[in-house]
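Trainee:
Numbering (the numbering used here), first residue to last: 139 to 203.
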């Protein structure tokens, strides 16, 4: 959940999150992908919008943040 908060509250990139937690970049990317799947964000249907923004908007709507 800390990764999710940094992604949405601080607008950090994958690189910045990985440097913050001292974990691999791939782990950060896997966490973000997992959030997308859990929240039902289908990237194929959202080509016109930034999926990170959509992910955070869905989280706010569901009161996860």
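Quick reminder that beta carbons are idealized off the backbone N, C-alpha and C, glycines included. Source: prediction; values computed, not measured.
#1: Of the choices 161, 191, 172, 179, whose alpha-carbon is the least far from that of residue 148?
#2: Which stretch, first to last residue, makes up the alpha helix (DSSP H) that contains residue 148?
#3: Just to confirm before moving on: does the CB-CB distance between residue 176 and residue 189 stay below 8 Å?
#4: Report yes if the CB atom of residue 193 is closer than 8 Å to the CB atom of residue 203, and no otherwise.
#5: To the nearest whole angstrom, what separates the beta carbons of residue 163 and residue 171, a pair I think is in contact under 8 Å?
Mentor: The relevant details are as follows:
#1: Locating residue 148 in the chain shown gives position 10, where the first residue counts as 1. Of all alpha-carbon atoms in 161, 191, 172, 179, the one lying nearest the alpha-carbon of residue 148 is that of 191.
#2: Your numbering for residue 148 matches position 10 in the chain shown. Note, residue 148: premise wrong, no alpha helix (DSSP H); not H, not E.
#3: Counting from one through the chain shown, the residue named residue 176 turns up at place 38. Counting from one through the chain shown, the residue named residue 189 turns up at place 51. No, the pair does not count as a contact, with Cβ atoms beyond the cut-off.
#4: Residue numbering aside, residue 193 sits at position 55 when the chain shown is read from its first letter. Residue numbering aside, residue 203 sits at position 65 when the chain shown is read from its first letter. At a Cβ-Cβ threshold of 8 Å, residue 193 and residue 203 do not count as neighbours.
#5: Here residue 163 corresponds to residue number 25 of the chain shown, with the count starting at 1. Here residue 171 corresponds to residue number 33 of the chain shown, with the count starting at 1. Contact annotation, residue 163 with residue 171: C-beta distance approximately 13 Å; criterion of less than 8 Å not satisfied.
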